[in-house]
Each structure stands twice: as structure tokens, then as C-alpha cells.
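The letter at position 49 of the sequence shown is residue 49 when you use UniProt numbering, and the numbering goes up by one with no holes.
Here a beta-carbon is modelled for each residue, glycine too, at the ideal position from N, C-alpha and C.
Being a predicted model, the structure only gives us computed values, none of them experimental.
Below: the structure, in C-alpha cells.
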Amino acid sequence: MNKNRLIKTFFDLVRLDSPSGEEEKVCSFIKERLASLNIISSVDKSGNLFAKTGGGLAEPVLLSAHMDTVEPGRCIKPFVKNEVIASRSRTILGADNKVAIAAILEAITTIPPDKRKTIELVFSVSEETDGGIKNFNFSQIESKFGIVADSAYPIGTIIVASPWIEDFEAEIIGRGSHASSPEKAINALTIAANSISSLKWGKIDKETVANIGIITGGYATNTIPSQVVVKGEVRSFSKNCFEKTRLLIESRFREKTEQLGGTLKFVHKFYCGGYKYRRNDSEIERIREIYKYLRIKPIYCVSYGGSDANIFISNNIRLVNIGDGVEYPHTTDEKISIENLVKLTEIIRNYISI
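This is the structure we're talking about:
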């Protein structure tokens, strides 16, 4: 491994603006880097990049990372202080998920084709917003296993469970009137309040959470609102609890809307399916063996977050999400130590080595 080249690659990547939906520059960077290694890549209509390397006779493995970042993520100016990389500007660093991209590129660069497995690479778009990998053609992938490093936990972390996730949007349509004539109105805000108060929120059970995050409606204090929009989400490690909760929320909103004579438009926006690994699953054992070799202590984690791993697993490709060593992601305090960047690269190098 060439540590200086690794750091330079990471710096080059984070200097390229790539908010969700604007990943073209990063995609071009990766394509050029792969081409220099005689690896041909292709980009689908959504912007997801796919490549496959030559290798030994061992079964193929998949490496994946996402190219987009959250805001504020433009004009990032990375610097090193006390062996830690951060951003000088009031922006994120973009380590989520560009540390993984840099580590993958360095790992592939340093291992000759005859010393590594056949590797399939997927670099996705819009992971931070709506899971752009959903539109990927998974049938072209031969790998049954792989890793994604998209978890802001310490190096050594293995995500063994992740939830089913959906957003929902309830648009309640009533009838407006002047505040002095409430008898002429169907108050959409009252319907929303009745619906919300009839349900349990927060921790529903030991595996399920539900939340209301956005409520909009009304435009004047002297007018009864004719329309209110309520947006929220459901997450659960149990598919049965997930289905039960999401359907109950819609049912209650419909019930309360009908009681007061309003109209409801309810939309479920499914994000990803969930998964659970056992510690003795072969996918987990592979990672654990690498950690043992590198003298990294495994940390098993149940995460309420979703990632591209969820979507790959839903398509029968058993990816494991591992800790990337990033701290304070999605904030202007985001940082990663050079030590963690190097360790992540070593993990990936060992994963793809024969």
C-alpha cells in the first residue's frame, strides 16, 4: 500500500463536489482511475457505475460505495492536523462515503490481478436521498457476497442487523373558511391532530420506531387551514411489525379524515428492506477472520440506519456493512484519522486477496 497515494486519492475525491444527484465528476474520476488499471466500467441511466476486474479462480466478490454526499458539501478544503483529516471550510468533509471509494481504489491498485479474487465494483448515486442503487440492474452481478463500508462506527464494527424503512406522506384536504366561521370549514389541521394523537410514536416496540418529522399547512392566522401535509417514517427490524405499523398509520389517518368529512391522499415511500445476520453466518466469519489477522477487535452492532447493503441483500447479494472509522458524519465537524483510512484499506485488500 502507498499511504501517500491513498491520502492524495481521498483528497482528490473530496475536492470534487458531489451532492446527491450531482455525482458526475466523481464518477468520471473513478472511471479514469479504473481505466488506468485496464478495468473497463460502465454507467447506467441513473448514474451508477459498474466494473468487473480480472482475477484468480476464487469466487467473485463485490465491493460497493456511494459517490454522493450531503450538504453543505461544495468547495471542500481538506487538510491534515495531528494525523486527522478534516475540512477547513464550513462544510462536511465527504468522508461518508469517499473514504470507502479511496480505500477500494488503493486496494485494487496494490494487488496484482493474479493475487486477487475476481472483483465486481458498484459505485452508486443518491444513496443519501432516495437509494439510487434501486434502479441498478442486479442481474449482471455474479458475486454472492461482498462488503460496503458505509457505517460511521469504529474500525472493527460489523453491522449485523438493519431495519425495513419507509417514509410516508399524508395530505389531508378539508375546506377552508374565515376563522370567524368555523361551522363552514373542515379543519385539516384538526384532522391531522386527531390522527397523530390517536397513534403511538417513538419507540413502538423493541424493534420498531415511528416518527413525524414534518407538518405543513395554513397560510394565515385568521384562516382555517384547508390543507395539511404530514410526513414521517417507520423503521423496524421485524418485517411483520413494519407492515403492521405502516398500515395502522394509514388506517388511522383515513378514519379520522372520514370522521370530519375530509379527503386523504396517503403515499408510502418504501426505502429498503431489512436484514439480520447471525454471528456464525459465513459472511460474518469472513470479516471476522480478516479482523483477527489484522488484530482488529470485532464489534457487532445493530443499526437503525439503512444503506445500499439493505438493497443488495433484498436482491440476494449478501453484503456486509462494516465500520469506516469516520467521526461526526453529515456535520461540519466530520473527520477521519489517517490511521483509520489505512486500516480500512487493509481490510479491503485482505478481503479481495486470494
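The beta-carbon separation of I336 and V70, rounded to 16 Å, does not stay under the 8 Å limit for a contact. Two segments are said to touch when three or more pairs of C-beta atoms, one from each, lie closer than 8 Å; by this definition the segment 150-165 touches the segment 295-302.
For the alpha helix (DSSP H) assignment, the segment 118-180 encloses no uninterrupted run of at least 4 residues. Going by DSSP, T263 is part of the beta strand (DSSP E) stretching over 263-272. Taking C-beta atoms as the reference points, K184 and S195 fail to come closer than 7 Å.
Setting aside the 5 residues that flank it on each side, E339 is surrounded in the same chain by E83, each with a C-beta closer than 7 Å to its C-beta; the list follows chain order. With a cut-off of 8 Å on Cβ pairs, the segment 274-290 is not in contact with the segment 125-140, counting fewer than three such pairs. When secondary structure is reduced to three states using DSSP, F312 falls in the helix class. Under DSSP, H66 shares a beta bridge with S124. With respect to the C-alpha of K134, the residue from K144, E142, V122 having the closest C-alpha is V122.
K81 carries a strand assignment under DSSP once its states are collapsed to helix, strand and coil. By the neighbour-count criterion, in which a residue is buried when 16 or more other Cβ atoms sit within 10 angstroms of its Cβ, R90 is exposed. Close CB contacts of E22 within its chain, under the 8 Å cut and outside five residues either way in sequence, are with D68 (chain order).
Here Q227 is buried: its Cβ has 16 or more other Cβ atoms, across all protein chains shown, within 10 Å.
Taking the C-beta atoms as reference points, S36 is found no nearer than 7 Å to D150.
Our two residues, D114 and F10, have alpha carbons roughly 26 Å apart in a direct line. Around the Cβ of C75, a 10 Å sphere holds fewer than 16 other Cβ atoms; the residue is exposed. According to the DSSP secondary-structure assignment, I299 is paired through a beta bridge with T157. Straight-line measurement puts the Cα of G325 at about 8 Å from the Cα of L344. Secondary structure note for F50: its beta strand (DSSP E) is the uninterrupted segment 49-52. As a beta-bridge residue in DSSP terms, N211 pairs with E233.
Distance from the CA atom of N315 to the CA atom of D44, rounded to whole angstroms, is 18 Å.
In this structure, T110 sits near M1, with a CB-CB distance shorter than 7 Å. Rounded to whole angstroms, the gap between the alpha carbons of L247 and I101 is 38 Å. Looking at the backbone, the Cα of I141 and that of L260 are separated by about 52 Å.
The beta carbon of F50 is closer than 6 Å to those of S42, V122 in its chain, skipping five residues each way along the sequence.
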